[in-house]
Amino acid sequence: MLQLELLEFLEETADAAFCVDPQGEICFWNASARDLLGYAQSEAVGKNVHALLRCQGALGARICTRDFYTQQAATENCRIPNFDVQVTARSGHKKWLDMSTLIFNHGRTHPRLVVHLARDITKRKQQEELLHDLLEVSKQIVAISNGNGSPRLAPVSPLSEQEQRILRLFSEGKNSAEIAKKLGITLQTLRNHLHHANEKLGTRNRLEAVTHAMHRNLI
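Following my numbering, the numbering of the sequence shown begins with 22 at its first residue and continues without gaps.
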């Protein structure tokens, strides 16, 4: 496949797609990448991948650096497994991407290109983190339970209907912005409701509030 044909194909794909040269600089950026990350082609092409997107792995390590692309260009029969990467979009928002990678060889006289196809998995990552935190809070509840497994929970003041709605939406994996929009309230009003719910439940944060409210059958 000629390089021109490859780029025409990538321009039509629904996935965000971009190509990187051995120096780690972006040399192609399709419309889906623009829509996902907010950078126009003119803003992305010629930029170093890590410098533009501030790529980090699951443990916060720097990835997609110049050294990474130099190594891929120099390695024969290189196959790179899919990996998850956290990037910073033009808006400043963090996004998690599932990144697949192809190595494109265009004859001996052209440098190898690393082709990335990326899909947004931010919501999946948020749900995984929420589940992990809920499990941790559940362990805390078990730790303070009595011998027959029933928790020794102090009585609480009744939650308002709005407080119940907010905690129920958090339990479904919604984030603060989504909940505020759905309920037609500001983020500050949402924070006030959450503060009152924490006071009533004797909890310290929204995850504890959600878990305790579920355990008490309040939501």
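The beta carbon of each residue, even a glycine, is placed where N, CA and C say it ideally should be.
6 Å Cβ shell around residue i - same chain, five flanking residues per side excluded
i, result
"Glu32", "Asn51"
"Phe104", "Met120"
"Lys146", "Trp117"
"Cys48", "Cys40, Asp42"
"Leu228", "Asp154, Val158"
Unbroken alpha helix (DSSP H) run spanning residue i, endpoints
i, result
"Lys221", "208-222"
"Leu58", "52-58"
"His236", "227-236"
"Asp88", "87-95"
"Ile187", "182-192"
"Ala198", "197-204"
"Gln77", "From DSSP, Gln77 is part of no alpha helix (DSSP H); its letter is neither H nor E."
"Leu239", "No alpha helix (DSSP H) holds Leu239; DSSP gives it neither H nor E."
Residues sharing a beta bridge with residue i, DSSP
i, result
"Asp105", "Asp119"
"Val66", "Note: Val66 sits in no beta bridge, so no partner."
"Glu46", "Asn69"
"Val135", "Val41, Ile124"
"Asp141", "Leu118"
"Arg83", "Gln77"
Other residues of its chain near residue i: CB distance less than 7 Å, five sequence neighbours each side excluded
i, result
"Ala94", "Pro43, Pro132, Arg133"
"Gln183", "His214"
"Arg225", "Asn219"
CB of residue i within 8 Å of CB of residue j, strictly
i, j, result
"Arg140", "Val108", "no"
"Leu123", "Val136", "yes"
"Ala54", "Ala38", "yes"
"Ile206", "Leu190", "no"
"Leu156", "Ala218", "no"
"Asp208", "Ser197", "The amino acid at residue 208 is misidentified as Asp; the sequence shows Leu. The answer is yes: Cβ separation under 8 Å."
"Leu211", "Arg186", "no"
"Leu151", "Gly194", "yes"
"Leu58", "Arg111", "yes"
Own chain residues within Cβ distance below 8 Å of residue i, not counting five before or after
i, result
"Arg83", "His71, Cys76, Gln77"
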